[in-house]
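2 protein chains.
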Amino acid sequence: MSALEPVKVGVLGLGTVGCGTANILSRNADEIARRAGRGIEISIASMRDTKKQRACDTSSITLTEDSNKVVTDPDVEIVLELIGGTDEAKDLVLKAIEHGKHVVTANKALIALHGNEIFQRAQEKGVTVAFEAAVAGGIPIIKAIREGLSANAIQWLAGIINGTGNFILTEMRDKGRDFDDVLKEAQQLGYAEADPTFDVEGIDAAHKLTILASIAFGVPLQFEKVYTEGITELTRDDVAYAAELGYRIKHLGIAKRTTKGLELRVHPTLIPHRRLLANVDGVMNAVVVKADALGPSLYYGAGAGAEPTGSAVVADLVDVVRALTSDPENRVPHLAFQPGALSDIPILSMDDVSTAYYLRIHVQDRAGVLADVTQIFADHTISIEAIIQKEPQANISIVPIVILTHEVSEQNMNQAIDEIEKLEAVTNKVMRIRLETLS
Amino acid sequence: MSALEPVKVGVLGLGTVGCGTANILSRNADEIARRAGRGIEISIASMRDTKKQRACDTSSITLTEDSNKVVTDPDVEIVLELIGGTDEAKDLVLKAIEHGKHVVTANKALIALHGNEIFQRAQEKGVTVAFEAAVAGGIPIIKAIREGLSANAIQWLAGIINGTGNFILTEMRDKGRDFDDVLKEAQQLGYAEADPTFDVEGIDAAHKLTILASIAFGVPLQFEKVYTEGITELTRDDVAYAAELGYRIKHLGIAKRTTKGLELRVHPTLIPHRRLLANVDGVMNAVVVKADALGPSLYYGAGAGAEPTGSAVVADLVDVVRALTSDPENRVPHLAFQPGALSDIPILSMDDVSTAYYLRIHVQDRAGVLADVTQIFADHTISIEAIIQKEPQANISIVPIVILTHEVSEQNMNQAIDEIEKLEAVTNKVMRIRLETLS
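So the protein lines, in turn, are chains G and X.
The numbering of the first sequence is our numbering, which starts it at 21 and goes up by one.
The numbering of the second sequence is our numbering, which starts it at 21 and goes up by one.
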């Protein structure tokens, strides 16, 4: 793979997502090249003001204020469209396609409104327009539906596909706050725009739903036919009453196939509180897809942000590079990385693993036992997070002590358990279960 | 696309998953061809006893008891290996590769134990060996990690990747039952094998973890280095104590990158009960992947069963067919279906949509109002699921009535709301939020 020159990428717009993408490409350059079979480099980027400070290293990138230079640059094979909006973005994307460039975009409005035309031109010119980052940020939902679920007749999908709205609804529920109050905080935190219309009125979600519905049901993009209702009318009372009835209110995009046709709708929705989707909180996104063969599946992750969105942009870049570089049957290496580029990083033995622990110790119910046990932990510098000592059952003088510890090496814990089991008052083998916070 | 002959597939083993796959290919033949650009047909299948009754229509399939006929058939382009086990399966897969066939397999043990050798032969012969169905059934987790997350340095992944074990743990928690008791029921329900060792001792999960770790971290398959601990020692007391402390016990496969090397381990694990993964119940599977750019993402769905596993098998078939059929840049159509094969199925207006509803109605607190409201529902044949009438607040004679309805058309509901708002005792616009059970 080192024989090939890196693929050169031109970027339109080096803002939040552009710099997130640049930072990923530079930080993970080695892993990405091992996966793609070839390096990927940003060679040129356009922006309104080349003098403005950027959140990424631009020292190896040619900066220009003329976007046309990016889409016509003969060295550039792939153009990233990250300027947003629909007018200028559309012109530049079409121009890039005319010049034979593949295009990767994070622009949901552009695809929802002009995708039919853009894809037709791309098809005619034999280039790809990739748009994983346009829906649900870094979650690979486009790939899951277009490729992972290709066996299925899809029945419906429902998604939390706007992080700002979900943050507001989560705060309203958790803290009993009012919509306007939370919106102001979201704006201060940078989760909501100064003009929040696109987010809270459901327009952004409708753009994304348009795209999801097309790839799920095989219909043209039809943004104008999506029913859209925002969350601005919801009160904290509604949130509380819904909870009382066993439901949570989420702002969902729903696409459903019925015998009469397709439903495409974005609106606040009560869903049973036990559903995983009801437990997707804060700025996170998730999409449930109900399909005839697979049944329900769910895809969850960060729906916005510099690097989460950059993750989807780079995945699209790797997809394009794999197609350009490999034989079709080796497009994706069997083990994700090129066969010659596997790593010999060692697999650790359990002794070297550290986790927190749950321990259940059965002891004779008499004074001093707990002190003996905790002394052993102290000797091994194991700190205790919680202890429950259960009451003895009738006529039984054996009581269980349940302990949660902080993180400690398995080797250290094994030694402590050995010593505990040798205490006279300890009557059984210690039950040990590892604990992970998954954070 | 109709110009091309369907791709012919040979199947080794027409049992549960084989027939699930055959049923999907036949039921969804049109949608699959519109996605793949070409039809996909099973032309030949081998089995121990061709006279045994099958759970799928075999009338157009040549049935044979000689597996060699399948892997050497000159008309077959793709071989599905669905016989399970590792010895015969390995021989047949290698033979199929020698004969230039692409291979799709659902066999986790085969890939975990012999994948390194199989992939090398496939590479040399220029064919693909696809194995999405080998991990987490129908969840496209292999595709998500190999392609969707290709931008990321993966930090760790943790999965519920054995449905039998998760069913047992869920029942132990929900019903306070003992392990042995639930295992017997799982065997009666067909969720657990007569010999449950592979499932409850974590061997099946270790096979899957081996595969996930390789594609996440770019290391060779090393099943023999996975630490494996089963769930047979867990008691209902442990499950209850964990709950008391705010945790649930799940049988997780965990792969983690540390500065010293990789941890690969399958064992019972306490996880905080608020995590989505802690709420994955019954036979369902889910995998969380923590990646440096995207952060955490989660993939949830059915991990076993005829059609869920068949969904992944067919997705692999479509992947292979797309690579065989299309130019690299058009491998996956922009809108998932071939540009000439989009559907003109209509998008419905909201009037034609049916959902359940939450309504909040503010009324003057006097006799007869609720009767008037419910009469209007009766007139429109709208049935009521639940009503909450709140107490009036001090000095305010207006009370909110909250109503959940069963499913009804939007048009019908709009008419009812109009009439309710005309009632003299109703003081405000009716708040209406749609309700979906997502089932």
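Note that beta-carbon positions come from the ideal geometry of N, C-alpha and C, so glycine has one too.
Keep in mind the model is a prediction, meaning the values are calculated, not measured.
Considering only residues of the same chain and omitting the five flanking positions on each side of SER22 of chain G, which have a CB-CB separation below 6 Å?
-> Position 2 of the first sequence, counting from 1, holds the residue named residue 22 of chain G. Low confidence applies to SER22 of chain G: its pLDDT is 49, below 50, so where it sits in the model is not reliable, and the reading given next is rough at best. Closer than 6 Å at the Cβ level, and outside the excluded window around SER22 of chain G, lies no residue.
Taking Cβ positions, are THR329 of chain G and ALA142 of chain G nearer each other than 8 Å?
-> Taking the first sequence and counting its residues from 1, one reaches residue 329 of chain G at position 309. Taking the first sequence and counting its residues from 1, one reaches residue 142 of chain G at position 122. Not closer than 8 Å, so no.
Please determine, among X:THR447, X:ILE381, X:LEU314, X:LEU209, the residue with the shortest C-alpha to C-alpha distance to VAL37 of chain G.
-> The residue given as residue 37 of chain G occupies position 17 in the first sequence. The shortest Cα separation from VAL37 of chain G among X:THR447, X:ILE381, X:LEU314, X:LEU209 belongs to X:LEU314.
By Cβ distance, which residues of its chain are closer than 6 Å to SER234 of chain G, with the 5 residues on each side in sequence left out?
-> Position 214 of the first sequence, counted from the first residue, corresponds to residue 234 of chain G. Within the same chain, LEU241 come within 6 Å of SER234 of chain G by CB-CB distance, once the 5 residues on both sides are set aside.
Residues that GLN358 of chain X bridges to, as DSSP identifies them = To locate residue 358 of chain X, count along the second sequence from 1; it is residue 338. According to DSSP, GLN358 of chain X bridges with nothing at all.
Could you spell out where the alpha helix (DSSP H) holding ARG141 of chain G opens and where it closes?
-> Position 121 of the first sequence holds residue 141 of chain G. 128-145 is the span of the alpha helix (DSSP H), which, as asked, contains ARG141 of chain G.
Anything in chain X within Cβ reach of ILE159 of chain G, meaning under 7 Å, just list it in chain order.
-> As a first step, residue 159 of chain G must be located in the first sequence, where it is residue number 139. For ILE159 of chain G, the residues of chain X that pass the 7 Å Cβ criterion are SER317, in the order they occur in the chain.
Apart from the five residues just before and just after ILE462 of chain X, which ones in its own chain have a Cβ nearer than 6 Å to its Cβ?
-> This structure gives no information on residue 462 of chain X, because the portion of chain X shown stretches from 21 to 459.
What residues in its chain sit with their C-beta under 8 Å from that of THR447 of chain G, if we drop five residues either side in the sequence?
-> Numbered from 1 along the first sequence, position 427 holds the residue referred to as residue 447 of chain G. Excluding residues within five positions, the ones whose Cβ falls inside 8 Å are HIS382, VAL383, GLN384, ILE418.
Contacting residues, own chain, Cβ-Cβ under 6 Å from THR345 of chain G (five flanking each side not counted) | For the purposes of this step, residue 345 of chain G is taken as residue 325 along the first sequence, with counting starting at 1. Same-chain partners within the cutoff: GLY57, ARG58.
Name the DSSP beta bridge partners of GLY273 of chain G, please?
-> Start at 1 with the first residue of the first sequence, and residue 273 of chain G comes out as number 253. Answer is G:GLY179, G:VAL286.
ILE81 of chain X and SER63 of chain X: beta carbons closer than 8 Å?
-> For the purposes of this step, residue 81 of chain X is identified with residue 61 of the second sequence, where counting begins at 1. For the purposes of this step, residue 63 of chain X is identified with residue 43 of the second sequence, where counting begins at 1. It is a contact, given that the beta carbons lie within the stated cut-off.
Does the separation of the CB atoms of MET370 of chain X and GLU439 of chain X fall below 8 Å?
-> To locate residue 370 of chain X, count along the second sequence from 1; it is residue 350. To locate residue 439 of chain X, count along the second sequence from 1; it is residue 419. The answer is no: Cβ separation not under 8 Å.
Cβ contact (3+ pairs, closer than 8 Å) linking the stretch 182-195 of chain G and the stretch 207-223 of chain G | Touching, yes, given that three or more Cβ pairs across the two stretches are closer than 8 Å.
So what does SER429 of chain X bridge to, in DSSP terms?
-> Here the question's residue 429 of chain X lines up with position 409 in the second sequence. Answer is X:SER374, bridged to SER429 of chain X.
Reduced DSSP category for VAL450 of chain X - H, G, I as helix; E, B as strand; rest coil | Taking the second sequence and counting its residues from 1, the one referred to as residue 450 of chain X is at position 430. VAL450 of chain X: coil per DSSP, three-state reduction.
For the alpha helix (DSSP H) containing GLU167 of chain G, list its first residue and its last residue.
-> The residue labelled residue 167 of chain G in the question sits at position 147 within the first sequence. No alpha helix (DSSP H) contains GLU167 of chain G, which DSSP labels as neither H nor E.
Helix, strand or coil for SER22 of chain X per DSSP?
-> Stepping through the second sequence from its first residue, residue 22 of chain X is reached at position 2. Low local confidence applies: a pLDDT of 48 at SER22 of chain X is under 50, so the model's placement there is unreliable, with the coordinate-based value given in what follows. Looking at SER22 of chain X - three-state DSSP - the assignment turns out to be coil, as it is neither helix nor strand.
What do you get for ALA275 of chain G, buried or exposed, if any count of 16 or more other CB atoms within 10 angstroms of its CB means buried?
-> Residue numbering aside, residue 275 of chain G sits at position 255 when the first sequence is read from its first letter. Of the other Cβ atoms in all chains shown, 16 or more fall within 10 Å of the Cβ of ALA275 of chain G; this residue is therefore buried.
Reducing DSSP to helix, strand and coil, say where ALA53 of chain X ends up.
-> Numbered from 1 along the second sequence, position 33 holds the residue referred to as residue 53 of chain X. Reduced to three states, the DSSP call for ALA53 of chain X is helix.
Sub-8 Å separation of PHE237 of chain X and HIS227 of chain X beta-carbons = Taking the second sequence and counting its residues from 1, the one referred to as residue 237 of chain X is at position 217. Taking the second sequence and counting its residues from 1, the one referred to as residue 227 of chain X is at position 207. No, Cβ-Cβ distance for PHE237 of chain X and HIS227 of chain X is not below 8 Å.
Could you check where the alpha helix (DSSP H) with PRO328 of chain X kicks off and where it finishes?
-> Numbered from its first residue, the second sequence carries residue 328 of chain X at position 308. First-last of the alpha helix (DSSP H) with PRO328 of chain X: 326-345.
Chain X residues whose Cβ lies nearer than 8 Å to that of MET370 of chain G = Here the question's residue 370 of chain G lines up with position 350 in the first sequence. Ordered by position in chain X, the residues that pass the 8 Å Cβ test against MET370 of chain G are TYR247, ARG285.
At what residues does the beta strand (DSSP E) containing GLN20 of chain X begin and finish?
-> The structure shown does not extend to residue 20 of chain X, since chain X spans only 21 to 459, so no value can be given for it.
Just curious, the beta strand (DSSP E) that THR394 of chain X is in, first and last residue?
-> Residue numbering aside, residue 394 of chain X sits at position 374 when the second sequence is read from its first letter. It is not in any beta strand (DSSP E) - THR394 of chain X instead sits in the alpha helix (DSSP H) that spans 389-399.
Do ILE52 of chain G and VAL334 of chain G come within 8 Å of each other at the CB atom, strictly closer than that value?
-> Taking the first sequence and counting its residues from 1, one reaches residue 334 of chain G at position 314. Taking the first sequence and counting its residues from 1, one reaches residue 52 of chain G at position 32. Going by C-beta atoms, VAL334 of chain G is nearer than 8 Å to ILE52 of chain G.
Quick one: any contact between the stretch 271-289 of chain X and the stretch 246-263 of chain X, if contact means 3 or more CB pairs under 8 Å?
-> yes
Examine chain G for any beta-carbon lying closer than 8 Å to the beta-carbon of LYS110 of chain X, and answer yes or no.
-> In the second sequence, residue 110 of chain X corresponds to position 90, counting from 1. Not an interface residue.
Per-residue contacts from ARG321 of chain G into chain X (C-beta, under 8 Å) | For the purposes of this step, residue 321 of chain G is identified with residue 301 of the first sequence, where counting begins at 1. Just to set this straight, residue 321 of chain G is Gly in the shown sequence, not Arg. Under the 8 Å cutoff, chain X gives LEU314, GLY315, PRO316, SER317, LEU318.
Nearest to PHE187 of chain G by alpha carbon, out of G:ASP200, G:ALA178, G:TRP176, G:LEU177?
-> The residue given as residue 187 of chain G occupies position 167 in the first sequence. For PHE187 of chain G, the nearest C-alpha among the options comes from G:ASP200.
Alpha-carbon to alpha-carbon, THR401 of chain G and GLN435 of chain G | Taking the first residue of the first sequence as 1, we reach residue 435 of chain G at position 415. Taking the first residue of the first sequence as 1, we reach residue 401 of chain G at position 381. Using only the alpha carbons, I get a separation of about 12 Å.
Name the one or two DSSP bridge partners that MET304 of chain G has.
-> As a position in the first sequence, residue 304 of chain G is number 284, starting the count at 1. Beta-bridge pairing links MET304 of chain G to G:ALA322.
Quick one: which residues of the stretch 183-202 of chain G get their C-beta closer than 8 Å to a C-beta of chain X? List them in chain order.
-> none
When the cut-off is 8 Å and only beta carbons count, does GLY250 of chain G lie next to chain X?
-> Taking the first sequence and counting its residues from 1, the one referred to as residue 250 of chain G is at position 230. So, not an interface residue.
With distances taken from CA atoms, which of X:LEU424, X:VAL31, X:GLY168 is nearest ARG342 of chain G?
-> Residue mapping note: residue 342 of chain G aligns to position 322 of the first sequence, counting from 1. That would be X:GLY168, whose Cα lies nearest to the Cα of ARG342 of chain G.
If you follow the beta strand (DSSP E) that HIS122 of chain X is part of, which residue opens it and which one closes it?
-> Here residue 122 of chain X is taken as the residue at index 102 of the second sequence, counted from 1. Element bounds for HIS122 of chain X: 122-125.
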